[in-house]
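Numbering follows the numbering used here, in which position 378 of the sequence shown is assigned residue number 378; successive positions increment by one, without gaps.
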Amino acid sequence: MEFKKIRDIQSDHIVRFIGACIDTPNQCILSEYAQKGSLEDVLENEQIKLDWMFRYSLMQDIVRGMAYLHSSDMKSHGNLKTSNCVVDSRFVLKITDFGLHSLRSVQSHDEDVESYQYYAKKLWTAPELSRMQNRPPEGTPKGDVYSFAVICQEVVYRQGPFWVENMELGPDEIYKRIQSGSKPYFRPTMEDYECSDDLANLIKRCWSEDPIERPDFQQLKTIIRKINKAGDSGNILDNLLSRMEQYANNLESLVEERTADYLEEKKKAENLLYMMLPRAVAASLIRGDPVQPEKFDSVTIYFSDIVGFTKMSSTSTPMEVVQFLNDLYTLFDSIIENYDVYKVETIGDAYMVVSGLPIRNENRHAAEIARMSIALLNAVKTFRIRHKPDEQLKLRIGMHTGSCVTGVVGLKMPRYCLFGDTVNTASRMESNGVAMRIHVSPFTEVLLREFNTFDLELRGEVEMKGKGKVTTYWLNGELEVDENTNTKDKQYTKTNIIGNNTNSNSSHSLNLKTELHNSKNNLMENQNHINLKNTYI
Numbered sequence: 001m002e003f004k005k006i007r008d009i010q011s012d013h014i015v016r017f018i019g020a021c022i023d024t025p026n027q028c029i030l031s032e033y034a035q036k037g038s039l040e041d042v043l044e045n046e047q048i049k050l051d052w053m054f055r056y057s058l059m060q061d062i063v064r065g066m067a068y069l070h071s072s073d074m075k076s077h078g079n080l081k082t083s084n085c086v087v088d089s090r091f092v093l094k095i096t097d098f099g100l101h102s103l104r105s106v107q108s109h110d111e112d113v114e115s116y117q118y119y120a121k122k123l124w125t126a127p128e129l130s131r132m133q134n135r136p137p138e139g140t141p142k143g144d145v146y147s148f149a150v151i152c153q154e155v156v157y158r159q160g161p162f163w164v165e166n167m168e169l170g171p172d173e174i175y176k177r178i179q180s181g182s183k184p185y186f187r188p189t190m191e192d193y194e195c196s197d198d199l200a201n202l203i204k205r206c207w208s209e210d211p212i213e214r215p216d217f218q219q220l221k222t223i224i225r226k227i228n229k230a231g232d233s234g235n236i237l238d239n240l241l242s243r244m245e246q247y248a249n250n251l252e253s254l255v256e257e258r259t260a261d262y263l264e265e266k267k268k269a270e271n272l273l274y275m276m277l278p279r280a281v282a283a284s285l286i287r288g289d290p291v292q293p294e295k296f297d298s299v300t301i302y303f304s305d306i307v308g309f310t311k312m313s314s315t316s317t318p319m320e321v322v323q324f325l326n327d328l329y330t331l332f333d334s335i336i337e338n339y340d341v342y343k344v345e346t347i348g349d350a351y352m353v354v355s356g357l358p359i360r361n362e363n364r365h366a367a368e369i370a371r372m373s374i375a376l377l378n379a380v381k382t383f384r385i386r387h388k389p390d391e392q393l394k395l396r397i398g399m400h401t402g403s404c405v406t407g408v409v410g411l412k413m414p415r416y417c418l419f420g421d422t423v424n425t426a427s428r429m430e431s432n433g434v435a436m437r438i439h440v441s442p443f444t445e446v447l448l449r450e451f452n453t454f455d456l457e458l459r460g461e462v463e464m465k466g467k468g469k470v471t472t473y474w475l476n477g478e479l480e481v482d483e484n485t486n487t488k489d490k491q492y493t494k495t496n497i498i499g500n501n502t503n504s505n506s507s508h509s510l511n512l513k514t515e516l517h518n519s520k521n522n523l524m525e526n527q528n529h530i531n532l533k534n535t536y537i
């Protein structure tokens, strides 16, 4: 009998019943699908803008559906709330979840009567029904009108069911206050409302404590139509078109917002990629172009590490070590921006920089690395370790000039890598160096001599793993040329590394051309001891 009643209901504002499965434990009801979800979903979605014409249309749809339901054999709903009002693709609201009370009663027995969810479902229940010991499952027509009033307040404020301004109450507290019936009667907020006075007064009538004072849905059809003069039944097509236009506008705004978010995140990702890779290489990867390996005939590579880092790490917490390295490398990064160099990577306490790639700069790469090294060493002199302020940080630096091949390795985390024996030799120069000194290879020394401004000191032969004996040099500083004097009488003012006591004197600095000739001879003599022929990958 119940199935026949519900199957016979046919209305534009009632969800069409299709079928049901009554076999336990797989009991379910099959009904018409609503593409936009429930009214609860629509109200909670801030992306959907609801003007008053739209809100009145939703209320009118509820009234029309309920008026039809009350005039049918069903007589009443008994469980009217926003989750049981669904919206189809044309934004037409339809009533669902009514009837079949014998089937629903089986499911309700399993519910915890003291749970939060139990009381949350009762917020639309009329006061007189909440006080009944044996409440009728189909409810009452006047009880449905009370539920409609609570829904209207949700539509007006979009704050959820039974919203009370300046009060934080749980569903159980709200339900018990309503059930008590003590004066003043507890109701949702309807003050400082944005709706018309007529609608506000109608909502208050609908949730009157006395059911007799509540209008029925046939009366509500006329009242709502008068309040919303633009939404009469003779203008259904215009109303529908207006709904669809507003929905389209909402979609356009949403697309614009999402597009702006996407572009912002894309820009952040590109900026991060530009920080990780050379700009030209990053641009190629962004375009999807393959990055071909490239050979550079002459570059200068810098390596440095922190003397005593392992010992310091053993007496520091991991957070202190990370903080220390971040402070130091932030300082280094700010300094190297002043030079034509490219930071390759940092691995632990090792810092690797190169000049002459990815943009070639003739033979200036040796001078750029040398000047950068002097600046870094001077900065370390005044650097203070936060958790060890009394300890002086010591840096060991090595540099070497030669050829190499570059390429991008990996897809998920692409890395711009340098390959060749030049990299290994530069690393050997650093590891065979001395704290707070700049160790220079013979190839780099030859290029630096051509500038006639660098104060270089012969260190002598150094035994290097895999290289044999190599004649190396110390870089003590750079000589600043006084350009105001004649070419023949140029004066050189030595700018040493701060705190570096060297054995160089003025005669050593002024006789650069002679030393350049001698250094070239020394380099030729050491060709049998050093094999700097690069290997490429």
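Every residue, glycine too, gets a C-beta built ideally from N, C-alpha and C. These figures come from a predicted structure and were not determined experimentally.
Query                                                                                                                       : Result
Counterpart residues of Ser31 in DSSP-defined beta bridges                                                                  : Phe17
Inter-residue spacing [alpha-carbon to alpha-carbon] between Leu447 and Asp340                                              : 16 Å
The ligand FAD heavy atom lying under 7 Å from the CB of Ala350                                                             : For the ligand FAD, the structure offers nothing, since it holds no ligand at all.
One or two residues paired with Thr41 in a DSSP bridge                                                                      : Looking at the sequence provided, one finds Asp at residue 41 rather than Thr. Beta-bridge pairing links Asp41 to no other residue.
Exposure of Ser208, with buried meaning 16 or more beta-carbon neighbours within 10 Å                                       : buried
Nearest to Tyr473 (by Cα), restricted to the options Gly433, Glu480, Thr453                                                 : Gly433
Separation of Thr96 from Phe17, as counted between CA atoms                                                                 : 9 Å
Sequence-distant residues of its chain with Cβ nearer than 8 Å to Pro290 (five each side left out)                          : Ser284
N-terminal and C-terminal residue of the alpha helix (DSSP H) that Asp8 is part of                                          : First-last for Asp8: undefined, no H or E at that position.
Proximity below 8 Å, CB of Ser130 to CB of Lys142                                                                           : no
Identified DSSP bridge partners for Phe303                                                                                  : Met352, Gly398
Residues near Tyr157 by beta carbon distance below 6 Å, same chain, minus five either side                                  : Trp163
Of the listed residues Pro211, Pro215, Glu194, Asp210, nearest to Leu202 (C-alpha basis)                                    : Pro215
Backbone secondary structure at Val434 - three-state DSSP                                                                   : coil
Burial state of Asn134, where buried means 16 or more other Cβ atoms lie within 10 Å                                        : exposed
4-residue-minimum alpha helix (DSSP H) runs that sit fully inside the stretch 318-386, ordered along the chain              : 318-336, 364-382
Backbone secondary structure at Thr476 - three-state DSSP                                                                   : Checking the sequence, you will find Asn at residue 476 rather than Thr. Here Asn476 sits in strand by DSSP.
Straight-line Cα distance separating Arg279 from Lys513                                                                     : Because Lys513 sits at a pLDDT of 39, beneath the cut-off of 50, its placement in the model cannot be relied upon, and the following sentence gives the value as read from the coordinates. About 39 Å.
Under the three-state DSSP convention, the category Gln219 falls into                                                       : helix
Other residues of its chain near Lys4: CB distance less than 6 Å, five sequence neighbours each side excluded               : none
Cβ-based burial, Cys85 [other Cβ within 10 Å; buried from 16]                                                               : buried
Closest by C-alpha distance to Thr222, when choosing among Tyr56, Asp51, Arg437, Arg7                                       : Tyr56
Spatial distance of Gln35 from Glu44 (CA atoms)                                                                             : 16 Å
Nearest-angstrom Cα separation, counted from Ser304 out to Ser313                                                           : 17 Å
Residue closest to Pro25, alpha-carbon to alpha-carbon, out of Leu103, Arg459, Tyr302, Leu39                                : Leu103
Beta-carbon contacts of Lys94 that lie in its chain and below 7 Å, excluding the five residues immediately before and after : His13, Ile14, Val15, Ala34, Gly65, Val86, Asp88
CA-to-CA distance, Asp349 to Gln392, given in whole angstroms                                                               : 16 Å
Three-way DSSP call (helix, strand, coil) for Ser298 in this model                                                          : strand
Secondary structure of Ser504, DSSP reduced to three states                                                                 : Residue placement at Ser504 is flagged as unreliable, the pLDDT there being 41, under the threshold of 50; a coordinate-derived value is accordingly withheld.
Per DSSP, cross-strand counterpart(s) of Val255                                                                             : Answer is none; Val255 lacks a bridge partner.
8 Å Cβ cutoff met for His70 and Phe98                                                                                       : no
Residues sharing a beta bridge with Phe454, DSSP                                                                            : Glu478
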